[in-house]
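Residue numbers (my numbering): 4 to 354.
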């Protein structure tokens, strides 16, 4: 399989991975043959990339961090929690704790993984998938910091519910994709304190988890909110969740930045939003060029990322299928392990 932009899909392409709604329904299943109607529907749903079958990459498997069942259950639990808060009702913290245990069990069962958004959800589902993605990436970074399971649990609770205060502000705050408008809206900024007050009343949650909701928009330079904390005044867990939240917002907002583009933006924020140590742990654990993505090399050749080098995510393994971008016929020509082939590097993702 390989990743393809929806704008490049052709009639007859076959889906290699299903597309979900947040309630667990499969909108389009694996092995569905795409028609013009299906392709148009994907565009309407705001989906920009999908995975399709390709005989040149039949051996390529995507290493999922979570099973479909656990991911969909986590999104359902998160949605149910936010729905209760919207209605002004108390939510069941037990269900949150149970799903966090499941998330930790699955992530910890992996020897080592890089974070990559492999699951395809519709635009309307991104509010809930955002919370889960921030949670998963925070767990992975926490593991890289060698946190024990108890600390990972508290980090994960805070990460999954970091935006719970938005549910108190109405649908406009949650659905607003204009990040600059959100950052400058005093009403939006109030969600941090609202979330903190909700979580600190839950005796089943650690106060450290509650502070993630309060501090995840604070910045290293003191220009964040709600309290303008600076440097180490911001607690450790919120600092982890902050960088994960920024990254996921970049790739799931209407900007739809690709992972390598989002990583460039994140690196540019270092020194203002977060410190170099947090950035280093982040970059060690994100698939900058996810498996299945088509790339152009500095040699002029075009290929697809077929494997990752876990210790150097910026230098994956690329299978070359064209000697140049304009070449029409795709065929396997060679493979570069960019850790070994040090003079070859990725110039860009082929759109």
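We treat Cβ as the ideally placed atom computed from N, Cα and C, and that holds for glycine. From a predicted model like this one, the values you see are computed outputs, not experimental measurements.
Selected residue, minimal CA-CA separation from residue 59, among 308, 343 and 314: 308
Continuous alpha helix (DSSP H) assignments of at least 4 residues falling wholly in the stretch 273–304: 279–286
Beta-carbon proximity list for residue 159, same chain, < 7 Å, skipping 5 on both sides: 103, 106, 107, 138, 141 and 142
The stretch 336–347 / the stretch 300–314 touching (three or more Cβ pairs under 8 Å): yes
Spatial distance of residue 272 from residue 227 (CA atoms): 13 Å
Nearest candidate by alpha-carbon position, reference residue 53, set 44, 84, 73 and 18: 18
Reference residue 67; option with closest CA among 298, 347, 120 and 251: 120
Residues that residue 18 bridges to, as DSSP identifies them: 55
Residue 223 versus 10, 57 and 231, residue with shortest Cα-Cα distance: 231
Expected contact under 8 Å - CB spacing of residue 191 and residue 284 to nearest Å: Actually they do not touch by this definition, with Cβ atoms about 28 Å apart.
Selected residue, minimal CA-CA separation from residue 70, among 44, 240, 41 and 112: 112
Nearest neighbour of residue 274, chosen from 242, 262, 98 and 297 [CA to CA]: 242
Straight-line Cα distance separating residue 40 from residue 47: 11 Å
Assigned secondary structure, residue 310 (DSSP; H/G/I helix, E/B strand, else coil): strand
Distance CB(residue 194)-CB(residue 248) smaller than 8 Å: no
Alpha-carbon to alpha-carbon, residue 98 and residue 9: 36 Å
CB of residue 264 within 8 Å of CB of residue 96, strictly: no
Cutoff 6 Å; reference residue 297; Cβ partners in own chain excluding five residues on either side: 307 and 353
Member of 324, 351, 327 and 312 whose CA lies at the smallest distance from the CA of residue 344: 312
Residue 338 - DSSP class collapsed to helix/strand/coil: strand
Reduced DSSP category for residue 350 - H, G, I as helix; E, B as strand; rest coil: strand
C-alpha gap between residue 325 and residue 114, whole angstroms: 34 Å
Where residue 322 falls: helix, strand or coil (DSSP): strand
Member of 89, 172 and 156 whose CA lies at the smallest distance from the CA of residue 213: 156
Length of the line joining the Cα atoms of residue 199 and residue 146: 25 Å
Span of the alpha helix (DSSP H) around residue 246: 239–255
Min CB distance residue 252 to chain C below 8 Å: No chain C is part of this structure, which consists of one protein chain only.
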